[in-house]
Every structure is written in structure tokens, then in C-alpha cells.
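Residue numbers (our numbering), protein chains in the order written: chain A, 1 to 135; chain B, 1 to 270; chain C, 1 to 274. Backbone N, C-alpha and C define an ideal beta-carbon position, used for all residues, glycine too. Quick caveat, the model's predicted, so the values are computed rather than measured. In what follows, a structure is listed as C-alpha cells, so that the remarks can point back to it.
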Amino acid sequence: MRISFLIIFLFSGINLFAQTDYQRWEKKPYNLTKENLSVQREYKFTGDNAIDFVVTSGISLYWFFISDLDGANCPYEPSCSSFLVQSIKKTNPLTGTILFFDRFTRDMNLFDRDVNYTITKRGQLYDPPEHYIFN
Amino acid sequence: MKYFFICVLLFPFTTYGQFNQIHQRLSFADYLFCSRDYLRAAEEFDKILPEIHNDTIFIKIGLSYYNIKDYPNSIKYFSMVKDEPDLSSYANEKIMVSYFLNKEYKLIKFYNPTSRGIMKLFNYSLLIRNYPPDKSIFLRPFDEEEKIEAQRFYNLKINPPTKSSTLAAIMSAIIPGAGKIYTNRISDGITSLIATSLLGYLTYTNYKADHKARTYIFAGLTGFFYAGNIYGSFLSAKVYNQKISEDFNLNLNIYLEGKNYFVTEPKFCK
Amino acid sequence: MKKIIIILFGVISILNAQENKQQYEYAVSLFNNEKYFDAITEFKRLLFFDSSGTYNFQAYIYMGNSYKEGGHYQDAINYFVEAEKSATNQKELFNAKVNVIRSNLLRGSYLNAKRLILKLDNDPRYDSLKDEINYWYGWNYMMEDKWDSAAFYFNKMKNKTELEDLARKTQDEKYNKYIPKIMSIFIPGSGQIYTGNYLSGLMSLGWNALFGYLTVNSIIENRVFDGVMIANFLWLRFYTGNIENSNDFVEEKNREITNHTYLYLQDTYNGIKP
């Protein structure tokens with residue numbers, strides 16, 4: 001009898017949970033709205049230099065007049081045109097263009113996609129130019 | 001008078017003032033520690049430190065920070081352990097593991113030659129830092145059972161199954177896509193071959209038919225696809241090699257985690 | 001002698017109770033000052049020392065709510081379930097169960113929430129609380145973006161709330177997702193114009209007209225290969241793009257409309273929210 005009392009006393013109010021409080025956290029703002037996952041284009045007609053200006057505004061025009069209207073053809077994130085802009089910005093116009101053509105070849109390949117790439121929140125294949133730029 | 005004494009004697013055994021009594025606070029901190037609420041446990045222990053401090057408490061704070069992957073703090077508290085020889089050698093081992101996990105491989109040292117665990121960790125850290133020692137020196141601290149795995153990791157480091165990026169580029173220059181196939185991107189390679197040869201064929205037929213504008217367009221495209229295929233194969237080999245070295249580190253870390261970094265843990269919780 | 005010991009223990013237990021009450025109030029004050037992490041520590045301390053279990057239910061509910069405020073919904077649910085176990089009466093039990101449902105709704109696990117509400121609905125003990133059960137049914141459907149069903153359940157409540165009208169209004173405002181698609185299938189661009197994206201609709205119409213014309217033209221001129229190529233790589237591409245766009249625009253517009261309602265519920269609505 002005494003032992004059972006002792007056991008009840010010892011274990012009352014003690015519960016073991018796997019904890020997630022490994023960092024201090026603060027109040028999170030109350031949110032009921034749903035996230036918008038559709039692609040938001042940034043049309044820009046400015047640039048740091050002449051090449052940048054030509055590339056960004058050319059791509060913006062392409063997005064506005066063609067890409068937005070001809071359906072979702074690119075399985076990647078960033079899209080092929082964004083890949084071109086980013087790779088030119090991160091390297092130089094020639095290397096960037098060659099990288100883009102390599103990407104375009106990979107875009108035409110319909111096989112092994114789930115093996116070679118990780119899948120993003122929107123369900124697209126993650127393949128940024130950083131993966132192909134080595135120092 | 002007798003009753004007064006009884007009262008006085010009983011008083012410490014009552015739970016009055018439990019929220020402030022030092023031993024009660026210690027037991028609460030222990031409870032948090034054992035229920036794996038490590039950040040709270042560390043903070044509770046830390047508040048008690050001005051009143052009680054012993055090696056066990058330092059170890060427990062260190063372990064709490066270690067478990068929440070806050071290695072600088074865990075090192076700080078583990079290095080406060082001084083008195084008890086058993087605990088301090090354990091703490092020293094834990095400090096070295098913390099350095100290892102915090103990727104500060106250069107700080108791993110073994111003062112005490114009897115601590116084989118740290119020697120093993122030190123040898124593995126040399127592999128990760130790309131300074132592999134001689135094989136016999138590397139294998140010395142390991143037991144017979146561990147030697148098989150150690151040998152495997154050592155061989156993988158010395159002779160990694162990497163692919164040459166120059167060779168990939170040359171292969172692709174000769175046959176478009178061959179370099180990609182060489183780096184295990186078989187479908188990419190075949191696509192590249194088809195795209196480049198199709199465009200080349202179109203250039204040729206248009207040239208034959210004397211369509212000047214189309215010839216220039218298709219020739220330009222063929223050139224860019226061909227260049228993209230060569231440079232892409234070169235990069236594909238680099239990506240492949242990077243994955244090999246990442247996989248090596250990942251597998252090594254999984255193996256070491258399974259071995260608990262060659263440290264035997266004392267039991268603080270039931 | 002015995003008497004004295006009994007009195008002593010009596011005094012001690014009173015003192016203990018007082019101390020526990022102080023601790024409880026301290027923890028609650030931390031909760032009220034939005035210091036949720038520390039509040040949880042103090043509630044844990046209270047539960048560790050309070051062997052009588054007086055505050056178990058309240059403390060678990062507060063801990064669950066703290067986790068909920070911090071966005072840690074799984075932990076919140078764990079503690080609400082713990083509160084369910086230590087509930088002393090039916091009212092507390094119901095309260096804890098509803099709290100589990102609310103955390104599930106915030107976490108986005110609507111199926112789970114629905115299952116739990118169904119359990120409450122089928123439980124004869126809660127027959128008198130049908131209003132509240134229907135209220136959470138309605139919230140579940142609102143969060144699930146099924147406004148018709150939400151309005152249906154809000155309508156079943158004896159004490160009507162503004163939510164019924166809100167759900168109906170949102171349902172009426174939302175675009176039918178099939179109409180623009182069907183319009184775009186027959187006349188490219190018309191679906192986009194229907195949803196208010198005039199420029200995109202007109203450009204779609206333009207491209208489709210151009211490439212349709214080019215296709216027909218090359219077939220008439222007996223250049224069948226060119227015709228097939230233009231139809232396949234250009235016309236078909238813009239045609240499917242046009243249908244995809246009309247679909248996307250409807251989804252976008254509907255998301256705007258529902259987010260507007262969610263924003264109202266989040267900021268302005270005064271009733272009980274998940």
C-alpha cells in the first residue's frame with residue numbers, strides 16, 4: 001500500500017515528451033491566411049551596366065509577351081529564363097549563356113528527374129546556377 | 001519543548017518553501033534534464049550554480065548544451081570540470097567531440113595517451129581535413145572490429161572514386177554527351193547527343209538547300225549547344241566529385257554518430 | 001502527540017497550497033505578459049512540485065496555449081491531450097478536446113480535426129453542446145476552403161453568428177472554377193477577360209489568332225510540314241498556355257477573395273477563433 005502511494009506520488013504530474021524547445025522562441029503572429037505559391041515575376045527595365053540592362057529588360061519583355069502566355073513549360077526552379085539572367089549576373093555573358101544551353105539540354109531530358117534534383121515547395125525541380133559555379 | 005524540537009526536526013523534511021529550496025530546485029533541474037528539456041535544464045542549473053557547484057552539475061549543463069547542438073557553450077561548461085578524475089576525463093572526451101561536431105578539427109588534441117577514443121576521433125578528423133597520415137599510423141588506435149570500417153574509410157579517402165573533369169570535357173568534345181554518360185548522367189548525355197546532332201543535321205540540310213538565314217541560326221544554335229555540352233560535362237564531373245566528398249563526410253558522420261564518437265556515456269537518468 | 005503531528009501536517013499542507021497558488025499566479029502572469037517560453041518553465045515547475053494535482057488541468061491548458069501562441073502546434077496538441085487526461089469534469093474534458101481541434105485547424109490538419117469533431121458529435125455526453133460542435137464544424141470547412149458546407153453548419157446553430165453570412169458571401173464572391181476554363185477552350189483569352197485580366201486575355205487571343213492563321217495559311221499553301229511544326233510548337237503551346245492561365249487566374253482571384261475573408265476573421269472578428 002505504502003509503495004503504491006509512493007509510486008503515485010513520484011509519478012504524478014511527470015510526463016516525458018520529446019522536446020522541441022531547444023531554442024528560445026517568441027510569440028508568433030496569429031495568421032489564418034493561406035500562402036500564395038504562384039510565381040511572382042519581377043519585371044525590371046533597369047541595370048547596373050549596359051549588358052545587365054539589355055539582359056534584364058530583354059527577359060522582362062520575353063516574360064511579359066511570351067513566357068506568361070505559353071503555359072508552364074519549365075519544370076525547374078528557377079525557370080530557364082531566370083537561370084539565364086542569374087548565371088549571366090554571377091559569371092559573365094559568355095559563360096552564362098553556355099551554362100544556359102547546358103541547362104536547356106537538361107530541360108529537354110525527360111528521364112531521371114526525381115533522381116537528379118530535389119523538389120521544391122511548388123513541386124518543381126530545384127536547379128539554381130550556384131550548383132554549376134565552382135571557384 | 002519536546003514538541004517544539006519535533007517541529008524543528010521535521011521542518012526540513014516538509015516541502016514548505018519548495019520553490020526556493022536549493023535541493024528542490026536541483027531536483028527540478030534534474031527532472032528537466034531527464035525529460036530532455038535541455039535548454040530549460042541548462043538555464044535552471046545555471047541559476048543554481050552560485051549556490052552549489054560540483055562536477056556533476058557542470059557535466060549536466062555541458063551535456064544539455066551538447067544535446068541542443070550549442071557546442072561553444074557545452075565546451076565552456078565541460079572545461080569547468082576539474083576535480084573528479086573520472087568525470088574530467090569524460091568531460092575532456094566530450095570537449096573533443098564538441099570540437100569535432102563544431103567542425104573545429106584543428107583544436108582536437110589528445111593529452112592523455114590512454115584515451116583511445118580521442119585518438120580515433122583525431123585520426124578521423126585528419127581524414128576530414130584532407131591530411132591523411134600513413135595507413136599504419138591511422139589504424140593503430142582501432143580495435144580489430146573497428147579496423148575494417150576504418151580501413152574502408154581510409155581507402156575511400158586515399159582513392160576516392162572521382163571522375164576527371166578534363167576527361168569528361170574531352171569525351172564530350174569528341175562525341176557530344178559522352179562526358180555526361182561518363183559522369184553517370186546517362187539520360188542527359190543521350191539528350192545532348194540527340195539535340196546537338198539534330199541541330200547539326202538541320203544546319204547541314206539548310207546549307208545544302210541554300211537557306212542562308214536559317215543556316216546561320218541553326219549553326220549558331222549548334223555551336224552553343226555543343227559548347228554547352230562540353231562545359232556542362234566538365235561541370236557534371238565536378239558536381240559528381242563534390243557529391244562523392246559530401247557523401248564521404250555524411251557516411252563518416254553517420255558511422256561516428258552510431259559509435260557515439262567513441263565515448264562511453266555514464267548514466268545520469270534512470 | 002498525534003494531534004500535534006496532524007495539526008503540523010495540516011498547517012504544512014495549507015502553506016503548500018498557498019505556495020502553489022503563488023507559483024500558479026506567477027506563471028499565469030508570465031503567460032499574460034506574452035512570455036510564453038518562461039511561462040511554460042514555471043508551469044512545469046508548478047507541476048513538478050504540486051503533488052496534489054490541483055492545478056494539473058489549468059496548467060496543461062496554459063502550456064498548450066503557450067505553445068500555440070508560439071506556433072508549435074504539435075507540442076500544443078500534446079499538452080491539450082495531457083489536459084484531457086487530467087480533466088476532472090465533463091466541461092473540462094470538452095474544453096480540452098476543443099482545444100486539440102483548434103490547434104489542428106491552425107496546423108492545417110483539417111482531416112484530423114474533422115475526425116475529432118465527428119467523435120464529439122457522436123458522443124451522447126455532449127448532446128447539449130451541439131451548438132459549439134457545429135461551430136467548429138463550420139470553422140473546419142471554412143479553413144478547408146469549403147464555404148458552402150461551412151454555411152450549412154453555421155446555419156444549424158441555434159444561436160446564429162455572423163459567420164453564416166460571411167461564409168455565404170465568400171462563396172458567392174468566389175469565381176466558379178469551370179466557367180473561365182470552358183470559355184478559354186472555345187475562345188482563347190475569354191476566360192482571362194472574364195476574371196478581369198484583360199491585357200493577358202487580349203495577348204493570348206492575339207497569339208492564338210496569329211499562329212492559327214499561320215498554320216491554316218501554310219496548309220493552304222501546301223507547306224504541310226511547316227503547318228504541323230507551327231501548330232505543334234507555337235499554336236498548341238499558346239493554346240494550352242491560355243487554358244492554364246485562365247485556370248491560374250481563377251485560383252489566384254479565389255485565393256485573394258478567401259484571404260480577404262481569412263484576414264477579416266483574423267483581425268476583426270470578435271468571436272472564438274481556432
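- One finds nothing in chain C with a Cβ atom closer than 8 Å to the Cβ of Phe83(A); even the nearest lies about 20 Å away.
- At the C-beta level, Glu93(B) and Ile118(B) come within 8 Å of one another.
- Just so you know, the alpha carbons of Ser86(C) and Asp114(A) end up roughly 48 Å apart.
- Remark: three or more beta-carbon pairs, one from each stretch, lie closer than 8 Å, so the stretch 248 to 261 of chain C and the stretch 184 to 203 of chain C are flagged as touching.
- At a cut-off of 8 Å, the C-beta of Asp247(B) has no neighbouring C-beta in chain A.
- A Cβ-Cβ contact shorter than 8 Å links Leu127(B) with Lys157(B).
- Bridge partners of Thr118(A) according to DSSP: Tyr126(A).
- Ranked by Cα distance from Ile190(B), the first of Thr105(A), Ile133(A) and Ile119(A) is Thr105(A).
- Within the DSSP bridge table, the entry for Tyr76(A) names Leu125(A) as partners.
- When DSSP states are grouped into helix, strand and coil, Phe111(A) belongs to the coil group.
- Contact with chain A is found for Lys238(B), since one of that chain's Cβ atoms lies less than 8 Å from the residue's Cβ.
- Rounded to whole angstroms, the gap between the alpha carbons of Phe19(B) and Ile68(B) is 26 Å.
- For Val55(A), the three-state secondary structure derived from DSSP is helix.
- For a Cβ distance threshold of 9 Å, residue set Glu252, Arg255, Glu256 and Asn259 of chain C lies close to Asn36(A), ordered along the chain.
- Between Tyr154(B) and Pro132(B), the CB-CB gap stays under 8 Å.
- About 3 Å separates the Cβ atoms of Ser172(B) and Gly179(B), confirming a contact at the 8 Å cut-off.
- Within its own chain, the residues whose Cβ lies closer than 7 Å to the Cβ of Asn56(C), once the five positions on either side in sequence are excluded, are Leu47 and Ser86, listed in chain order.
- Proximity to Ile243(C) across Ile98(A), Phe83(A), Asn116(A) and Leu69(A) peaks at Leu69(A), based on C-alpha coordinates.
- The C-beta of Glu35(A) has fewer than 16 other C-beta atoms within 10 Å across all chains shown, which makes the residue exposed.
- For Trp207(C), the closest Cβ of chain A is nearer than 8 Å.
- Of all alpha-carbon atoms in Phe225(C), Gly271(C), Thr215(C) and Asn245(C), the one lying nearest the alpha-carbon of Ala231(C) is that of Thr215(C).
- Using a CB distance cut-off of 8 Å, Tyr204(B) does not count as an interface residue toward chain C.
- Pro72(B) has its alpha-carbon roughly 15 Å from the corresponding atom of Glu43(B).
- Taking all protein chains shown into account, Arg125(C) has fewer than 16 neighbouring C-beta atoms within 10 Å of its C-beta and is therefore exposed.
- Just measuring C-alpha positions, the residue of Ser66(C), Thr41(C) and Tyr36(C) sitting nearest Arg25(B) is Thr41(C).
- Residue state for Ser51(C) is assigned as coil, using DSSP reduced to three classes.
- DSSP, read as helix, strand or coil, puts Arg106(A) in helix.
- In terms of beta-carbon proximity, Leu235(B) lines the interface with chain A, with at least one pair separated by less than 8 Å.
- Of the other Cβ atoms in all chains shown, fewer than 16 fall within 10 Å of the Cβ of Tyr178(C); this residue is therefore exposed.
- For the pair of segments examined, the stretch 90 to 108 of chain A was found to touch the stretch 224 to 236 of chain B: the number of CB pairs separated by less than 8 Å reaches three.
- Note on geometry: alpha-carbon atoms of Gly70(C) and Asn270(C) lie some 21 Å from one another.
- Distances from the CA of Phe238(C) to each of Thr268(C), Ile6(C) and Leu205(C) were compared; the closest alpha carbon is that of Leu205(C).
- For the pair Ala27(C) and Phe43(C), the CB atoms are nearer than the 8 Å cut-off.
- Restricting attention to Asn49(A), Arg122(A), Ile133(A) and Phe45(A), the CA atom closest to the CA of Phe83(A) is found in Ile133(A).
- In this model, Ile61(B) and Asn109(A) are separated by some 54 Å (Cα to Cα).
- Gln242(B) and Ser98(B) have their alpha carbons spaced roughly 26 Å apart.
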